[in-house]
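J.: Got a structure for you, questions after.
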């Protein structure tokens, strides 16, 4: 399976995914979320247990949020009718079907005393970022999930391929999407500039798209896997 693998210097190379080794040197790993529009620039070493924890950056240093705020910028769905928020997702080609729950963020204090925002991560479910679009809206629906703990609902996300179907249910309706891109983006050791580039995938877009995000590989969290799917209307 060929997928885009992006690294330092914003270079893109094609790489064949190899079987993941057994080296269990895990970092205090940022799962999900440069994603957040607020990320931590460093990475410390952790124990031999698999951990994927949301990442944070001091508020206002992500280059994306113009407001002086502890929270990620508000998206178009906040304040809108959330009756149509995603409730369930299916990825038939990899045998995944799971609930979707709404997630927000919390304020955290970094070791240097600065305040930052950190996304929550859903356990045993996918999490809908509450400042992202709703199904049926123009915009970017963002769902994230664990890859190696607490249900690991997106463990095999990286094995999706362009053309695969994604089914989303909201407000009693089914919404169908088709995978267009699967990317693995460097996170641990990446520059702040690269992380900002990574973060653009969860920003608003002017089409109907669904973006799925998790960590990679299965036994660690050094990279992010981002899947972009576009709405298919029957």
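Residue numbers (our numbering): 2 to 235.
We put the beta carbon where it would ideally sit given N, CA and C, even for glycine.
#1: For the stretch 192-201 against the stretch 118-125, are there 3 or more C-beta pairs whose distance is under 8 Å?
#2: Here's the rule: buried if 16 or more other CB atoms are within 10 angstroms of the residue's CB, otherwise exposed. What is residue 175?
#3: Given a cut-off of 8 Å on the beta-carbon distance, is the pair residue 225 and residue 214 in contact?
#4: Spatial neighbours of residue 93 within its chain, please: CB distance less than 8 Å, with the 5 preceding and 5 following residues excluded, ordered by chain position.
#5: Return helix, strand or coil for residue 42, following the three-state DSSP convention.
#6: From residue 229 to residue 181, what distance separates their C-alpha atoms?
#7: If you drop the 5 nearest sequence neighbours on each side, which residues of the same chain put their C-beta closer than 7 Å to that of residue 227?
#8: Thinking C-alpha only, which one of 208, 197 and 135 is nearest residue 89?
#9: Check residue 90 in the structure and name its three-state DSSP category.
#10: Less than 8 Å between CB atoms is the rule here; does residue 174 satisfy it with respect to chain B?
#11: Taking only the alpha-carbon atoms, compute the straight-line gap between residue 220 and residue 170 and give it to the nearest angstrom.
#12: DSSP three-state call for residue 160: helix, strand or coil?
#13: Here's a check: name, in chain order, each residue in its chain whose Cβ is nearer than 7 Å to the Cβ of residue 156, leaving out the five neighbours to either side.
#14: Which same chain residues, not among the five before or five after residue 146, have their C-beta less than 7 Å away from its C-beta?
#15: CA-CA distance, residue 138 and residue 209?
T.: Taking the coordinates as given:
#1: no
#2: exposed
#3: yes
#4: 165, 166 and 168
#5: Reliability of the predicted coordinates at residue 42 is poor, the pLDDT of 26 falling under 50, and no value is obtained from them.
#6: Taking the straight line from one Cα to the other gives about 6 Å.
#7: 184, 186, 202, 212 and 214
#8: Taking the Cα of residue 89 as reference, the smallest distance to any Cα among 208, 197 and 135 is reached at 135.
#9: strand
#10: Among the chains of the structure shown, chain B does not appear; only one protein chain is present.
#11: 30 Å
#12: Looking at residue 160 - three-state DSSP - the assignment turns out to be helix.
#13: The residues are 148, 149 and 219.
#14: Answer for residue 146: 123, 127, 128, 154, 155 and 215, listed in chain order.
#15: 7 Å
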